[in-house]
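J.: According to this note's numbering, the sequence shown is numbered sequentially starting from 36.
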Amino acid sequence: MDAIFGPVPRLQGMKPADEFRRRLMLAGIATAGLAGCGGGSSGTHMAVESLPATNDTLPTEGRWPSLPTLQNTSGPGQFVASLAAATSTVNFLPGIATRILAYNGKTPGPAIDAYEGDVVRIRFINGLDQDTTVHWHGLPVPASEDGNPMDPVARGASRDYAYILPTGSAGTYWYHPHPHQTTPEQVFRGLAGIFIVRSRTDPLAMLPERLVVITDLRLDAVGQIAANTATDLANGREGDQVLVNGAHQPVDTIAPGATERWRVVDATNGRYLRLVLDGGQMWVVALDGCFLAKPVAVGELLLAPGQRAEMVVRAPATSGQKLVLRTIAYSRGAMVPVAPPVKLFEITTSQAPALAPIALPASLPAPKSLPTNLSATQTVVLSDMGMGPSGMGGAGTGRFTINGRSFDPARDDVTMKAGVPEEWTVRNGGMMDHPLHFHGTSFQLVASTRANISSDPRLNAFMDTVNLTSGEQIRIRLRIDAPGRRMFHCHILEHEAQGMMGVINVTP
Ligand code: C2O
Ligand code: CU
Ligand code: CU
């Protein structure tokens with residue numbers, strides 16, 4: 036598997052980038068003059084397969100990579116801004132310009148930081164050479180403004196996305212492209228950003244915040260982002276370098292005893308993040324865009340692709356201690372290789388005087404539970420074992436289906452009445468985990484056939500994306516307030532693009 040590069044011993048003291056070039060040279064590949072994105076020769080592809088699948092080929096980042104903020108050009112009560120998607124470059128490896136797709140020149144894109152009640156108008160400019168859209172993942176925006184695959188922004192074109200952030204929508208969201216069938220590629224090449232909606236009555240407003248946007252990256256032999264392989268299409272792409280705000284294993288310092296609020300986004304196409312924190316305490320306070328009813332102390336937390344969590348973290352009370360966020364092995368089905376654990380970042384307590392611990396509120400403003408005994412119900416079965424061409428969408432039945440059908444943008448799969456809650460039963464009839472996501476709303480998870488669900492902070496919580504393991508059946512309560520055609524789909528983006536998506540037509 037690692038035939039060309041594997042047996043070469045790593046030289047002592049050599050920096051990862053030098054090591055990368057040395058391996059290229061040993062393989063007879065020059066670092067100049069080779070085609071990059073999409074233009075690889077077969078020789079390049081052989082080398083791509085041969086890169087080591089570890090998380091240590093990129094240099095580490097010696098500082099905390101703060102995200103730029105999207106500039107609001109208006110005053111309070113409005114959020115007016117301009118967002119452009121275009122190609123750009125990043126030096127992930129010193130001296131190698133890796134071509135990326137970027138929002139306002141960066142991957143991840145700028146953090147959007149707005150308030151509940153704001154009237155948002157974002158002028159979007161598509162500087163890509165293909166159609167795209169901007170989808171506001173999790174936000175209750177009108178269907179026409181939600182960047183659905185049916186509403187592409189043509190290359191070179193622009194449009195305004197306009198909506199109000201309603202009261203009660205405060206939380207952590209993200210934005211990413213959602214064009215028909217090309218979403219996976221646009222996201223893994225760099226298009227994704229965090230979107231924070233704030234409340235003027237936030238019970239955790241006293242805590243300093245840390246934004247943690249997780250993406251991953253796979254570079255080919257010439258340091259360019261590699262195309263998807265057949266394995267990626269089957270399992271969802273997992274890059275081999277996991278990045279935090281676009282940087283590799285960054286570090287920071289913190290006052291001893293400090294309490295922070297972390298907003299974490301899994302913006303990868305197909306990587307599960309089973310998070311553990313070494314050296315400190317961690318409470319989950321929100322999942323996706325909604326508070327839990329109270330802070331829940333956890334030893335670990337699983338984030339599936341598309342999901343977010345807000346965690347409160349307390350640093351050790353003495354100097355020189357380390358707080359390390361890392362992932363541990365998670366199996367997402369018997370047929371899927373388990374991704375190696377990775378270290379995400381490391382924070383060291385400083386020499387500053389220890390801070391007194393900040394007490395957490397005993398309860399949090401979770402959304403009000405949806406009514407029980409709902410008469411409107413739906414049953415949904417996810418499958419990853421469909422027959423026929425793994426057709427990239429279209430009306431045919433491919434491998435990845437919902438209720439036996441592949442996505443068809445012209446077809447309504449379900450109809451719902453706006454504002455009327457329904458109870459849905461969803462079963463994962465496939466062989467691997469699938470994170471199911473609904474647009475334009477947050478739903479309440481009320482039951483699962485998984486034995487340990489009663490101790491799970493997700494039970495009765497509101498989310499916009501829920502992971503289902505193979506064979507698991509769940510019940511959710513779901514209400515969509517604004518009429519229009521809404522998407523629901525697996526958030527492993529390769530599965531979505533190959534058909535595991537449907538349309539809910541919400542009628543007035
Ligand atoms: Cu994160 Cu349909 O989206
Ligand atoms: Cu979404
Ligand atoms: Cu899936």
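For each residue, glycine too, the CB sits at the ideal point set by N, CA and C.
Just so it is clear, the structure is predicted and the values come from calculations on it, not from any experiment.
Need the endpoints of the alpha helix (DSSP H) that T264 sits in, please.
T.: Translated into the one-based positions of the sequence shown, residue 264 becomes position 229. Here T264 belongs to no alpha helix (DSSP H), and DSSP marks it neither H nor E.
J.: Below 8 angstroms on the Cβ atoms is my contact criterion, and I expect F473 with F497 to pass it. Report the Cβ-Cβ distance as a whole number of Å.
T.: Counting from one through the sequence shown, the residue named residue 473 turns up at place 438. Counting from one through the sequence shown, the residue named residue 497 turns up at place 462. Actually they are not in contact, since the Cβ atoms of F473 and F497 sit about 11 angstroms apart, beyond 8 angstroms.
J.: Where do the N-terminal and C-terminal ends of the alpha helix (DSSP H) with E531 fall, by residue?
T.: Here residue 531 refers to the residue found at position 496 of the sequence shown. Here the alpha helix (DSSP H) through E531 covers 528 to 532.
J.: What would DSSP say about F230, mapped onto helix, strand or coil?
T.: Taking the first residue of the sequence shown as 1, we reach residue 230 at position 195. Of the three classes helix, strand and coil, the one that applies to F230 here is strand, per DSSP.
J.: Give the secondary structure of A120 by DSSP, where H, G and I count as helix, E and B as strand, and everything else as coil.
T.: If you number the sequence shown from 1, residue 120 lands on position 85. The answer is strand: DSSP assigns A120 an E or B state.
J.: Among all residues, which have a Cβ less than 5 angstroms from at least one non-hydrogen atom of ligand 2, and in what chain order do they fall?
T.: Going along the chain, the residues that qualify are H172, H474.
J.: Q221 by DSSP, collapsed to three states: which one?
T.: Walking along the sequence shown from the start, residue 221 turns up at place 186. Three-state result, Q221: helix.
J.: Can you tell me whether H469 sits near ligand 1, meaning its C-beta is under 7 angstroms from at least one heavy atom of the ligand?
T.: On the sequence shown, position 434 is the one that residue 469 refers to. No, ligand 1 has no heavy atom inside 7 angstroms of this Cβ.
J.: Hey, C325 and A387: beta-carbon distance below 8 angstroms or not?
T.: Counted from its first residue, the sequence shown places residue 325 at position 290. Counted from its first residue, the sequence shown places residue 387 at position 352. The answer is no: Cβ separation not under 8 angstroms.
J.: Which residues share a DSSP beta bridge with M466?
T.: Locating residue 466 in the sequence shown gives position 431, where the first residue counts as 1. In DSSP, M466 forms no bridge with anything.
J.: Under a Cβ-count criterion, where at least 16 other Cβ atoms within 10 Å of its own Cβ denotes burial, should N487 be classed as buried or exposed?
T.: What you label residue 487 is simply residue 452 of the sequence shown in a count that begins at 1. Exposed, because fewer than 16 other Cβ atoms sit within 10 Å of the Cβ of N487.
J.: Inspect the beta-carbon positions of T250 and A302 and report whether they are closer than 8 angstroms.
T.: Within the sequence shown, residue 250 is the residue found at index 215, counting from 1. Within the sequence shown, residue 302 is the residue found at index 267, counting from 1. Yes, the pair counts as a contact, with Cβ atoms nearer than the cut-off.
J.: At a cut-off of 7 angstroms, would you count M522 as near ligand 1, judging by its Cβ distance to the nearest heavy atom?
T.: Translated into positions along the sequence shown, residue 522 becomes position 487. Yes - ligand 1 has a heavy atom lying nearer than 7 angstroms to the Cβ of M522.
J.: Output needed for A132: all residues of its chain with C-beta closer than 7 angstroms, excluding positions within five of it in sequence on either side, in chain order.
T.: Locating residue 132 in the sequence shown gives position 97, counting from the first residue. Only T124, N126 meet the Cβ criterion.
J.: For A290, which residues in the same chain have their Cβ closer than 8 angstroms to its Cβ, ignoring the five residues on either side in sequence?
T.: Your numbering for residue 290 matches position 255 in the sequence shown. Answer for A290: A350, T384, S385, A387, P388, A389, L390, listed in chain order.
J.: For N280, name the three-state secondary structure that DSSP assigns.
T.: Here the question's residue 280 lines up with position 245 in the sequence shown. The answer is coil: DSSP assigns N280 none of H, G, I, E or B.
J.: Taking C-beta to C-beta, are H530 and G271 nearer than 8 angstroms?
T.: Position 495 of the sequence shown holds residue 530. Position 236 of the sequence shown holds residue 271. A contact, by the Cβ cut-off of 8 angstroms.
J.: For the candidate residues D313, L360, Q284, R343, whose alpha-carbon lies nearest to that of F545?
T.: Because the chain here runs from 36 to 543, residue 545 falls outside it and cannot be looked at.
J.: Give the straight-line distance between the Cα atoms of W209 and V257, rounded to the nearest whole angstrom.
T.: In the sequence shown, counting from the first residue as 1, residue 209 sits at position 174. In the sequence shown, counting from the first residue as 1, residue 257 sits at position 222. Their Cα atoms are separated by approximately 31 angstroms.
J.: Is there contact here, the segment 521 to 536 with the segment 191 to 209, by at least three beta-carbon pairs under 8 angstroms?
T.: Not touching, per the Cβ criterion.
J.: Would you tell me roughly how many angstroms separate the C-alpha atoms of T504 and L105, rounded to the nearest one?
T.: Within the sequence shown, the letter at position 469 stands for residue 504. Within the sequence shown, the letter at position 70 stands for residue 105. Taking the straight line joining both Cα atoms gives about 37 angstroms.
J.: Exposed or buried, E335, counting other C-beta atoms within 10 Å across all chains shown (16 or more means buried)?
T.: Your numbering for residue 335 matches position 300 in the sequence shown. With fewer than 16 Cβ atoms within 10 Å of its Cβ, E335 is classed as exposed.
J.: Just reading off the beta strand (DSSP E) that S483 is part of, what are its end residues?
T.: Along the sequence shown, one-based indexing puts residue 483 at 448. Counting along the chain, the beta strand (DSSP E) containing S483 begins and ends at 478 to 483.
J.: So the beta strand (DSSP E) T383 belongs to, where does it begin and stop?
T.: As a position in the sequence shown, residue 383 is number 348, starting the count at 1. Looking at the DSSP string, the run of the beta strand (DSSP E) that includes T383 is 378 to 384.
J.: Please determine if the segment 214 to 227 and the segment 128 to 145 are in contact, where contact requires at least 3 C-beta pairs separated by less than 8 angstroms.
T.: Yes, the segment 214 to 227 touches the segment 128 to 145.
J.: For D195, count neighbouring Cβ atoms within 10 angstroms of its own Cβ and tell me buried if that reaches 16, exposed if not.
T.: Locating residue 195 in the sequence shown gives position 160, counting from the first residue. Answer is exposed; the Cβ neighbour count stays below 16.
J.: First and last residue of the beta strand (DSSP E) that includes D251?
T.: Taking the first residue of the sequence shown as position 1, residue 251 is located at position 216. Start and end: 244 to 252.
J.: First and last residue of the beta strand (DSSP E) that includes P330?
T.: In the sequence shown, the residue the question calls residue 330 occupies position 295. Taken as a continuous stretch (DSSP letters only), the beta strand (DSSP E) holding P330 covers 325 to 332.
J.: Please indicate yes or no: does the CB of M535 lie closer than 7 angstroms to some heavy atom of ligand 3?
T.: Within the sequence shown, numbered from 1, the residue matching residue 535 stands at position 500. Yes, the Cβ of M535 comes within 7 angstroms of a heavy atom of ligand 3.
J.: Looking at the structure shown, is E458 part of a helix, part of a strand, or coil, going by DSSP?
T.: As a first step, residue 458 is located in the sequence shown; it is residue number 423 there, counting from the start. In the structure shown, E458 sits in a strand (DSSP, three-state: E or B).
J.: Identify every residue that forms a DSSP beta bridge with T150.
T.: Taking the sequence shown and counting its residues from 1, one reaches residue 150 at position 115. Note on identity: in this sequence residue 150 is Tyr, with Thr being the wrong assignment. Answer is R233, bridged to Y150.
J.: Using the three-state DSSP reduction, which class does I160 fall into: helix, strand or coil?
T.: For the purposes of this step, residue 160 is taken as residue 125 along the sequence shown, with counting starting at 1. DSSP places I160 in strand when its eight states are reduced to three.
J.: Please report how far the alpha carbon of L239 lies from the alpha carbon of L395, in whole angstroms.
T.: Within the sequence shown, residue 239 is the residue found at index 204, counting from 1. Within the sequence shown, residue 395 is the residue found at index 360, counting from 1. Taking the straight line from one Cα to the other gives about 8 angstroms.
J.: Given the structure, does I527 come close to ligand 5, in the sense that its CB is under 7 angstroms from one of the ligand's heavy atoms?
T.: The ligand content of the structure shown is limited to ligand 1, ligand 2 and ligand 3, which means ligand 5 is not among them.
J.: Can you find the residues in the same chain that come closer than 6 angstroms, C-beta to C-beta, to A88, ignoring five residues on each side of it along the sequence?
T.: Residue mapping note: residue 88 aligns to position 53 of the sequence shown, counting from 1. Because A88 carries a pLDDT of 43, less than 50, the predicted location of this residue cannot be relied on, and the following value inherits that uncertainty. Result list for A88: D275, in chain order.
J.: With a threshold of 7 angstroms on Cβ separation, who are the neighbours of L242 within its own chain once the five nearest residues in sequence on each side are excluded?
T.: The residue given as residue 242 occupies position 207 in the sequence shown. Excluding positions up to five away in sequence, the list reads T294, E295, R296, V347, I393.
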